[in-house]
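Take a look at the structure below.
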Amino acid sequence: MTEVNRKIHVVGINSYIFEDLPSKLQDLFIETGNIAVPSSYFEEIKSWSKNGLEKKKSFFSSNSNNELVNWLRSQKTDVILISRGDPLWFGIGRILLENFSKDELSFYPANTCIQLAFSKLKIPWQDTVNVSIHGRDSTNLVESLKSKPSSLAVITDSNNKSLEIIKKNLSELNLIDFYDFWLCEEIGFENENIRKLNLKKSLPSEISSLNIVVLTKTKKNYSNNNLPLFGINDNVFKTFDDRPNLLTKREVRVQILADIELPKNGVIWDIGAGCGSIGLEALKLRPNLDLFCIDKRIGSKALILENSKKLGVKPKFIFEENIINTLQTRTLSSFEKPNRLVIGGCDKKTKLQIINTLAKGMSIGDIIVIPIIDIQAIEELKQELEDKNFKTNLNLIQTYKSLTIAEGLRLEPNNPVFLLKGKKYI
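For the sequence shown, this note's numbering gives the first residue as 57, with consecutive numbering after it.
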């Protein structure tokens, strides 16, 4: 193996001021003749050579491309490559490690722009999700937004209208009111500027190309007066922090509420209620209904109660227990049997047991709706309903959302859901 005779010193900076470098790196800069600098701040770093440095410097304007790699390979003596922040964190470090041996490289990271931004905002960042759309598409950004983290930091790209993409993605995912949007420009440098933007207005006309975005969960409380009559946005419902997608999505929920043919009066059971989104919206539409929510997950009762306050409704009972336990240990005559029944959040065997226990006490015109994602369970559940004198029909709900990307729009599919509906006729 050829012995490496020179080093590539990759130096991260948070300032264009030479004196802000640690003394060890100041000495390294003084002693090294060949310096590669990103073109976006080439002149600022080149000015360091005017500070009475004895050794003559040769500066190379870098665009982090093959030309830079070829230049580094051509150097016979030690070189310095200037980078912002930590070169190994969404930076030039990955490209260098793909093209040079580890023995050739030495890294001197500075604080990352994200670290500095959170220190200025005075917000803990250990749980922050970090995404880069600098030279990348926005797929990871969309997936991260869907999980609704408490905070999210985005490294942007001035060449692909990143800020507009982030704003549109938030709007398309109904998250405009879910996050505060912090624009952080030239973090750690002389022209540093941090401002919270109102995304319901146009973006500022003057924005530095050196910017990142920090999204932090808003403290805004939703008022019952601001909610639509029908089709409440998903972000209105609080859910488990570690299972943010544990609710029936708006598009599917709307269809379930239509299929259930809500009466003015009666009893509706929401089994596997999760955060309560189906039953609570049903109660908002028909306030005279008696709602029974059943979910076995620990904490579900408190979650449903909190969401019921947001919607201004009040379930009659909330059972935080396994539905089988409910059916076996409680006397059904002690609380009313359902006229409308939604069965979600359990396996096929449990669904069959629920139908077998409850369907025989339901009256003509009463309805059962079952959301299903396991196609193999459909036939058996359908047959069980028909054996209990329910007329059935099956509907596949497959929806797509348009999402903005740098090239325009793409359609993002939601998971398909089968809705099996049974209406009792005898």
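Note that the Cβ used here is the ideal one computed from N, Cα and C, for glycine as well. None of these values were measured; they are calculated from a predicted model.
Nearest-angstrom Cβ-Cβ length linking residue i and residue j, presumed shorter than 8 Å
| i | j | result |
| --- | --- | --- |
| V270 | L219 | At roughly 13 Å, the Cβ-Cβ gap does not stay under 8 Å, so V270 and L219 are not in contact. |
| D193 | I461 | 6 Å |
| F237 | K252 | 7 Å |
| I312 | V425 | 5 Å |
| I411 | N445 | Contact doesn't hold; Cβ gap of about 12 Å is too wide. |
| T406 | I379 | 7 Å |
| Q131 | N90 | 6 Å |
| L283 | L367 | 7 Å |
| V308 | I453 | 5 Å |
| K204 | F234 | 7 Å |
| R140 | C169 | 7 Å |
| K176 | I250 | 6 Å |
Chain-order list of residues whose beta-carbon lies under 6 Å from that of residue i (same chain, five-residue window excluded)
| i | result |
| --- | --- |
| T304 | S333 and I334 |
| T184 | S207 and A209 |
| I232 | L226 and L255 |
| S117 | S95 and F98 |
| M57 | Bear in mind that the predicted position of M57 carries a pLDDT of just 41, short of 50, making it too unreliable to give a figure here. |
| D76 | none |
| I288 | E337 |
| K223 | L255 |
Under 8 Å between C-beta atoms of residue i and residue j
| i | j | result |
| --- | --- | --- |
| I138 | A166 | no |
| I511 | L450 | In the structure as shown, the chain starts at 57 and stops at 482, and residue 511 therefore has no counterpart that could be examined. |
| V323 | F286 | no |
| F146 | S188 | yes |
| K480 | G421 | yes |
| G400 | I327 | yes |
| L302 | C331 | yes |
| E436 | L408 | yes |
| N470 | K457 | yes |
| L229 | K256 | no |
| F115 | K106 | no |
| E246 | L266 | no |
| F163 | L144 | yes |
| L336 | N321 | no |
| R342 | P319 | yes |
| L359 | T295 | yes |
| D351 | E376 | yes |
| W325 | L397 | yes |
| S356 | A314 | no |
Same chain, Cβ closer than 8 Å to residue i, neighbours up to 5 away in sequence not counted
| i | result |
| --- | --- |
| P180 | F174 |
| S419 | N395 and K480 |
| K393 | V323, L414, G417 and M418 |
| F474 | P427, I428, I429, I431, I434, L450, N451, L452 and I453 |
| S258 | none |
| E465 | According to the sequence shown, residue 465 is Leu rather than Glu. Cβ neighbours of L465 beyond the five flanking positions: S458 and L459. |
| K158 | none |
| L467 | Y456, K457, S458 and L459 |
Bridge partner(s) assigned by DSSP for residue i
| i | result |
| --- | --- |
| C240 | I250 and I268 |
| C349 | D326 and I374 |
| I424 | L397 and G478 |
| Y164 | V67 |
| I453 | V473 |
| R140 | I69 |
| N186 | A209 |
| P94 | S118 |
| S468 | Going by the sequence as given, residue 468 is Glu instead of Ser. Its beta-bridge partners are K457. |
| K447 | K479 |
| K273 | Y235 |
| V310 | Its beta-bridge partners do not exist; DSSP assigns none. |
| V135 | I64 and N90 |
Cβ shell of residue i (< 7 Å), same chain only, five flanking positions each side left out
| i | result |
| --- | --- |
| G191 | D213 |
| E317 | I423 |
| S200 | V185, V187 and L208 |
| S364 | G332, L336, K370 and P371 |
| L26 | Nothing can be reported for residue 26: it is not among the residues displayed for the chain, which extend from 57 to 482. |
| K113 | G89, I91 and S105 |
| E463 | none |
| T448 | K438, L441, E442, L476, K477 and G478 |
| N381 | none |
Pair every Cβ in the stretch 63-82 with every Cβ in the stretch 124-139, then say whether three or more of these pairs are closer than 8 Å.
yes
Quick check: the stretch 149-161 against the stretch 115-131, are there 3 or more CB pairs under 8 Å?
yes
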